Every structure is written in structure tokens, then in C-alpha cells.
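Asker: Input: one structure, supplied below.
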Amino acid sequence: MPAVLEEFEPIFGEPKVEWTGTYSGLGQSSAFVFYVHSPDSSHLRICVSDFRHTTWESVRSVSQLEDMRDSVGIGGSWSEFIHYLVASIKSEDVKLLLEALPDSNDTKSAKLVAQKSKGMPRISFSLTKITGAAASDAVANLSQELFKAFKGLQYLFMEEQERCLQLTKVISVEKVFLI
Numbered sequence: 001m002p003a004v005l006e007e008f009e010p011i012f013g014e015p016k017v018e019w020t021g022t023y024s025g026l027g028q029s030s031a032f033v034f035y036v037h038s039p040d041s042s043h044l045r046i047c048v049s050d051f052r053h054t055t056w057e058s059v060r061s062v063s064q065l066e067d068m069r070d071s072v073g074i075g076g077s078w079s080e081f082i083h084y085l086v087a088s089i090k091s092e093d094v095k096l097l098l099e100a101l102p103d104s105n106d107t108k109s110a111k112l113v114a115q116k117s118k119g120m121p122r123i124s125f126s127l128t129k130i131t132g133a134a135a136s137d138a139v140a141n142l143s144q145e146l147f148k149a150f151k152g153l154q155y156l157f158m159e160e161q162e163r164c165l166q167l168t169k170v171i172s173v174e175k176v177f178l179i
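Residue 117 in the UniProt record's numbering sits at position 117 of the sequence shown, with consecutive numbering throughout.
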């Protein structure tokens, strides 16, 4: 089963933020980025940050993910569950649910909730707030991985641009021979 996590490609996204509580969202950032990856073959890590004040994370073992599969009600194989989880996290319906502390600008709890499409089961990760050096390390890691993903996409774009240029040259040469 863990082999699927070894092949897990990092996922980045921007969740829709929803606040609950008396002073919900007062003075808080509303733009967050999440990063889901597998640091090893037996864990899945979720990091959510606004890159300024607030960073949350959740680390799930294969065993915890299997329990999640059972509680969510996704049948089928382990890899089918992971594919469903990935599709849910990549969907447009990913929310960061933040609960405000009473009479405070701080948060009591956070959850990242993803749903592949309406009517389908929800995937939910309770998040733990991290602070200090751990938060700085998490934000640094998220930033570095986001940059690596950007560079990878940039490389693919440049390769595709080169292929288009070569194809344009071939078409130009063929036009000359046809005339």
C-alpha cells in the first residue's frame, strides 16, 4: 500500500477561507496557500500558511489515512482512495475552516476540507497551529517546494516553446517545397 505515497506528487493550492466564531476573521489574513506532500512512503503532510502570521499543519500516517478511508466511506483499493484524495485536494472546492477564539483575533482551530464534487464524500484534515522555528521551517520548506514546482513548470513551458519553434520551422520548409 505505501508504494502509492512514494509516487505522491506535491499539490499546491489556495483554499477558500471560511471563519466561524464571534470575531471571525477580524484583523486576520484571508489569503492562505496549502501544500500537500509525502515526506516518505508512510506519511502525508499538509501545511497551510498565510506566509506572515499563521501556519498550520497535519501529518497523517498510512494507518490514519486507512482509518480516514473507512470513515469517509470510500470503497475500493488503497490506490483508488489516494486518487480520490488527490482529486479532492486538486478540486475547486477546498476550504480552510477557521474557528475564532471568543473575544480574540486568534484562531481556536482549523480544518482543511476538500470535496471532489458536490454530493461526493468530503476529505477533512484537522490542522495543528505551529509557531516559532517550526513555523519558520514549514514556511521555508513550502516556499522552496513552491519554487521548485514553478521551475519545473517553467522548464516544461520552455521545452514546449522549443518544440513549437521547431515545428514552425518544419512547416516553413515544407511550404517552400510545396510552392
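By construction, the Cβ of each residue, glycine as well, lies at the ideal position given by its N, Cα and C atoms.
A quick note: this is a predicted structure, and the numbers were derived from the prediction, not measured.
Relative to the alpha-carbon of H37, which residue among V17, D50 and L5 has its alpha-carbon at the smallest distance?
Answerer: Among V17, D50 and L5, the Cα nearest to that of H37 is on L5.
Asker: Relative to the C-alpha of P10, which residue among Y35, S77 and Q161 is closest?
Answerer: Nearest C-alpha to P10: Y35.
Asker: Are the segment 147-166 and the segment 125-133 touching by the rule of at least three beta carbon pairs closer than 8 Å?
Answerer: Taking 8 Å as the limit for Cβ pairs, the verdict is that the segment 125-133 does not touch the segment 147-166.
Asker: Using a Cβ-Cβ cut-off of 6 Å (strictly less than) and excluding sequence neighbours within five positions of E99, which residues of its own chain qualify?
Answerer: Excluding sequence neighbours, E99 sits near T20, G21, K108 and S109.
Asker: When the Cα atoms are used, what is the spatial distance from A140 to F12?
Answerer: Going from the Cα of A140 to the Cα of F12 covers about 14 Å.
Asker: List, from N- to C-terminal side, the alpha helix (DSSP H) runs of 4 residues or more that fit wholly inside the segment 45-105.
Answerer: With a minimum length of 4 residues, the continuous alpha helix (DSSP H) runs that stay inside the segment 45-105 are 62-72 and 78-90.
Asker: Alpha carbons only, please: which of Q64, A134, W78 and K95 is nearest the one belonging to K116?
Answerer: Here the closest residue by C-alpha is K95.
Asker: For the alpha helix (DSSP H) that contains F177, what are its first and last residues?
Answerer: G132 to L178 is the span of the alpha helix (DSSP H), which, as asked, contains F177.
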